[in-house]
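Chains as they are written, first to last, in our numbering: chain A, 10 to 267; chain B, 291 to 552.
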Amino acid sequence: MAQVTLKNASVELAIYNSRGRGLKNEILRRAVGGSLEDTRDRSVTVVHALDAINLEVSSGERIGLIGHNGAGKTTLLRVLGRIYPPTSGEATITGRVSSLIDLSMGMDSESTGYENIVLRGVMLGLTRTQARALIPDVEEFSELGEYLNLPVRAYSSGMLLRLAFAVSTAVRPDIVILDEVIGVGDASFAQRAEQRLHGMIDKAEIMFLASHANNSIRRFCQRTLWLAGGKIVMDGPTDEVMDKYESANAAAAQEQAG
Amino acid sequence: MRETGQAMAEIAGGISSWRIWWMLGQSDIARRYKRSRLGQIWMTISMASMIFGMGLVYSTIFKQELGSYLPFLATGIVLWGFIAGCINEGAMAFIESDSIIRQTDLSKFTYILRVLTRNVLTFAHNFVIIPMVLLICGSPISWTILLFLPGLVLALLNLSWIAYLLAILSARFRDIPQIIQSVVQIAFFITPVMFRPHQLGADHPLLLLNPLAALLSVIRDPLLDIVPTAASYAIALGMAVLGWLLTLNFVRRYSRRIVYWL
Numbered sequence: 010m011a012q013v014t015l016k017n018a019s020v021e022l023a024i025y026n027s028r029g030r031g032l033k034n035e036i037l038r039r040a041v042g043g044s045l046e047d048t049r050d051r052s053v054t055v056v057h058a059l060d061a062i063n064l065e066v067s068s069g070e071r072i073g074l075i076g077h078n079g080a081g082k083t084t085l086l087r088v089l090g091r092i093y094p095p096t097s098g099e100a101t102i103t104g105r106v107s108s109l110i111d112l113s114m115g116m117d118s119e120s121t122g123y124e125n126i127v128l129r130g131v132m133l134g135l136t137r138t139q140a141r142a143l144i145p146d147v148e149e150f151s152e153l154g155e156y157l158n159l160p161v162r163a164y165s166s167g168m169l170l171r172l173a174f175a176v177s178t179a180v181r182p183d184i185v186i187l188d189e190v191i192g193v194g195d196a197s198f199a200q201r202a203e204q205r206l207h208g209m210i211d212k213a214e215i216m217f218l219a220s221h222a223n224n225s226i227r228r229f230c231q232r233t234l235w236l237a238g239g240k241i242v243m244d245g246p247t248d249e250v251m252d253k254y255e256s257a258n259a260a261a262a263q264e265q266a267g
Numbered sequence: 291m292r293e294t295g296q297a298m299a300e301i302a303g304g305i306s307s308w309r310i311w312w313m314l315g316q317s318d319i320a321r322r323y324k325r326s327r328l329g330q331i332w333m334t335i336s337m338a339s340m341i342f343g344m345g346l347v348y349s350t351i352f353k354q355e356l357g358s359y360l361p362f363l364a365t366g367i368v369l370w371g372f373i374a375g376c377i378n379e380g381a382m383a384f385i386e387s388d389s390i391i392r393q394t395d396l397s398k399f400t401y402i403l404r405v406l407t408r409n410v411l412t413f414a415h416n417f418v419i420i421p422m423v424l425l426i427c428g429s430p431i432s433w434t435i436l437l438f439l440p441g442l443v444l445a446l447l448n449l450s451w452i453a454y455l456l457a458i459l460s461a462r463f464r465d466i467p468q469i470i471q472s473v474v475q476i477a478f479f480i481t482p483v484m485f486r487p488h489q490l491g492a493d494h495p496l497l498l499l500n501p502l503a504a505l506l507s508v509i510r511d512p513l514l515d516i517v518p519t520a521a522s523y524a525i526a527l528g529m530a531v532l533g534w535l536l537t538l539n540f541v542r543r544y545s546r547r548i549v550y551w552l
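Here it is as structure tokens:
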């Protein structure tokens, strides 16, 4: 049973530069007191990527995430994928999670396509035998044919995407997290990719989708979160939220033009 | 209490994802030699030629018989390569796996085990030099050699916490891997790898204060048909216990922060 509960979950990202990371500074600073996480140092910039998010999601929900660049969509997805533990507040996520944030994770450029299918499959939590069992499905879907025998460094970025997408969507997690992966590749592939994604989403208990393609959000999600500045501005049925979001965007555009 | 549980869960989670670190460790080695004809054999060839070259030079400098010096040097160099590799690469464990860490919720200990796997495999390749040298030099072999196995376990227990601790520190402070490299290089010269402990004097402070000397001795001595001293075992064991306690404390406090440091 998949379930997501966030209570006042915040994420503060400390961006270190070489000065901020320098050991010398730290030792000097330690001499006058402070902890490893002390960020009063001016060379460390703190970004409040998520600010006190409260969220309750239960099995069966399909949730869209909208907002401008830097609104906190990807950070929220990372919290949901158990990659970022909230720096304050709580996040309880039950169920097997699969994040499709960067499709090429765990790919090795010197290995062949076939080897990478197994590599990626194991990274996604399969046994080697199970990962090898993915091969026929990936072969058929990716249409890479003989290329699967070549090292992936010889692939074009489109081919790499086909392979990564085919493997990543072959597993069946309880919670699926998607970041801007709809509409990938060339037109014919994009269509098939969407069908395949549909299959994956249908079988998952919970899905989160962050996208700037408003149509995909309307099509896939019943509930939508609108994020701005790390906060949830609006949380409700997709149509309501999208209408508000789109009219706000239109108003902003008009203001700029006028 | 809850946090101590979390630290233990990190360790348990790391071990249970054995499929992943075993596979990544193997593919790390395979990748390094992917396009070379002799592949992984290169590791062994380069180490063997270094041992024979150094054996010729240093047996003369130290006025030692080649037949007794070569087994000593070969075991020293091969084992030191393993120890140094685990420490140096351990410090980079999180930094080199950053793209994976930022996308999955695997236990951080997985990446430490990846580095250890890679180094154990390299060590296994280089290890074939040792029986060859022992046979060629006609060194005595007895049941004492079996003590090599507990020695190796002790060494791994130590190297794993060292790698873990350094990996955490290095993720936060990027100067640490550089510092570690120089320290390990210096340690090579002050640890009895090339010279025999008694050449320095058995109670020389450099030997007594150098924990790596004890670590090296518990794995190397059995191969040379010597029973390691009780003191070496005590130091290696004590270091493993204290080191893991210290490391678990760091894991408990900072494990959740690591992903934000990458």
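Glycine included, every Cβ here is placed at the ideal spot set by N, Cα and C.
Values in this document were obtained by computation on a predicted structure and should not be read as measured data.
Looking only at its own chain, which residues have a Cβ that is under 8 Å from the Cβ of residue i, when we skip the five neighbours before and after it?
{"i": "LEU514(B)", "result": "PRO361, PHE362, THR365, SER429"}
{"i": "GLY245(A)", "result": "ARG232, THR233"}
{"i": "SER120(A)", "result": "LEU128, PRO160, VAL161"}
{"i": "THR294(B)", "result": "LEU538, ARG542"}
In terms of DSSP beta bridges, what is residue i paired with?
{"i": "LYS240(A)", "result": "ALA237(A)"}
{"i": "SER108(A)", "result": "ILE186(A)"}
{"i": "PHE217(A)", "result": "ILE72(A), ILE186(A)"}
{"i": "ARG510(B)", "result": "None; ARG510(B) has no bridge partner."}
{"i": "SER288(A)", "result": "What the structure shows of chain A is the stretch from 10 to 267, and residue 288(A) is not part of that stretch, so it cannot be assessed."}
{"i": "PRO25(A)", "result": "At residue 25(A) the sequence reads Tyr, which differs from the Pro that was named. Beta-bridge pairing links TYR25(A) to VAL53(A)."}
{"i": "LEU59(A)", "result": "VAL20(A)"}
{"i": "ARG232(A)", "result": "ILE72(A), PRO246(A)"}
{"i": "ILE102(A)", "result": "VAL13(A)"}
{"i": "SER97(A)", "result": "SER19(A)"}
{"i": "THR121(A)", "result": "PRO160(A)"}
Indicate whether at least one CB of chain B lies closer than 7 Å to the CB of residue i.
{"i": "ASP117(A)", "result": "yes"}
{"i": "ASP111(A)", "result": "yes"}
{"i": "PRO95(A)", "result": "no"}
{"i": "ILE92(A)", "result": "yes"}
{"i": "VAL131(A)", "result": "yes"}
{"i": "SER108(A)", "result": "yes"}
{"i": "ASP47(A)", "result": "Model confidence at ASP47(A) stands at a pLDDT of 49, short of 50, so the residue's coordinates are unreliable and nothing is read from them."}
Let me know if residue i comes out buried or exposed under the rule of 16 or more other beta-carbons within 10 Å of its beta-carbon.
{"i": "THR412(B)", "result": "buried"}
{"i": "THR136(A)", "result": "exposed"}
{"i": "PRO495(B)", "result": "exposed"}
{"i": "THR247(A)", "result": "buried"}
{"i": "ALA461(B)", "result": "buried"}
{"i": "ASP318(B)", "result": "buried"}
{"i": "ASP117(A)", "result": "buried"}
{"i": "LEU499(B)", "result": "exposed"}
{"i": "GLU264(A)", "result": "exposed"}
{"i": "ASN78(A)", "result": "exposed"}
{"i": "ASN448(B)", "result": "buried"}
{"i": "LEU151(A)", "result": "A small correction: the amino acid at residue 151(A) is Ser; Leu does not occupy that position in the sequence shown. Looking at its Cβ environment, which holds 16 or more other Cβ atoms inside 10 Å, SER151(A) is buried."}
{"i": "ARG327(B)", "result": "exposed"}
{"i": "MET251(A)", "result": "buried"}
{"i": "PHE583(B)", "result": "Past the boundaries of the shown model lies residue 583(B); chain B is included only from 291 to 552, so the question cannot be answered."}
7 Å is my cut-off, CB to CB: does residue i come that close to chain A?
{"i": "ARG546(B)", "result": "yes"}
{"i": "GLN393(B)", "result": "yes"}
Can you list, in chain order, the residues of its chain with a C-beta nearer than 7 Å to that of residue i? Leave out the 5 residues immediately preceding and following it.
{"i": "ARG141(A)", "result": "VAL127"}
{"i": "VAL549(B)", "result": "ILE391, ARG392"}
{"i": "PHE438(B)", "result": "ILE509, PRO512, LEU513"}
{"i": "TYR523(B)", "result": "VAL508"}
Taking 6 Å as the limit between beta carbons, can you name the residues of its chain near residue i, skipping five residues before and five after?
{"i": "ALA568(B)", "result": "No information on residue 568(B) is available, as it lies outside the stretch 291 to 552 that chain B covers here."}
{"i": "HIS237(B)", "result": "This structure does not reach residue 237(B), given that chain B is present from 291 up to 552, and the question cannot be answered."}
{"i": "LEU459(B)", "result": "ILE466"}
{"i": "ASP183(A)", "result": "ALA11, GLY104, ARG105, GLU214"}
{"i": "ASP60(A)", "result": "SER19, GLY239, LYS240"}
{"i": "ALA297(B)", "result": "LEU538, VAL541, ARG542"}
Interfacial residues, the region 308–338 of chain B to chain C, with Cβ spacing under 7 Å
In the structure shown, chain C cannot be found, because the protein chains are A and B.
Tell me whether the region 213–224 of chain A and the region 59–74 of chain A touch, counting them as touching only if at least three CB pairs, one residue from each stretch, are closer than 8 Å.
Of all C-beta pairs linking the region 213–224 of chain A to the region 59–74 of chain A, three or more are shorter than 8 Å, placing the two stretches in contact.
Stretch-stretch touch, CB-based, cutoff 8 Å, three pairs: the region 239–256 of chain A with the region 91–109 of chain A:
Judged by Cβ distances under 8 Å, the region 239–256 of chain A makes no contact with the region 91–109 of chain A, as fewer than three pairs qualify.
Any 3 or more C-beta pairs closer than 8 Å across the region 368–378 of chain B and the region 395–410 of chain B
The region 368–378 of chain B vs the region 395–410 of chain B: in contact.
Pairing CB atoms from the region 335–342 of chain B with CB atoms from the region 307–323 of chain B, are three or more of them under 8 Å?
Contact between the region 335–342 of chain B and the region 307–323 of chain B is absent, with fewer than three C-beta pairs closer than 8 Å.
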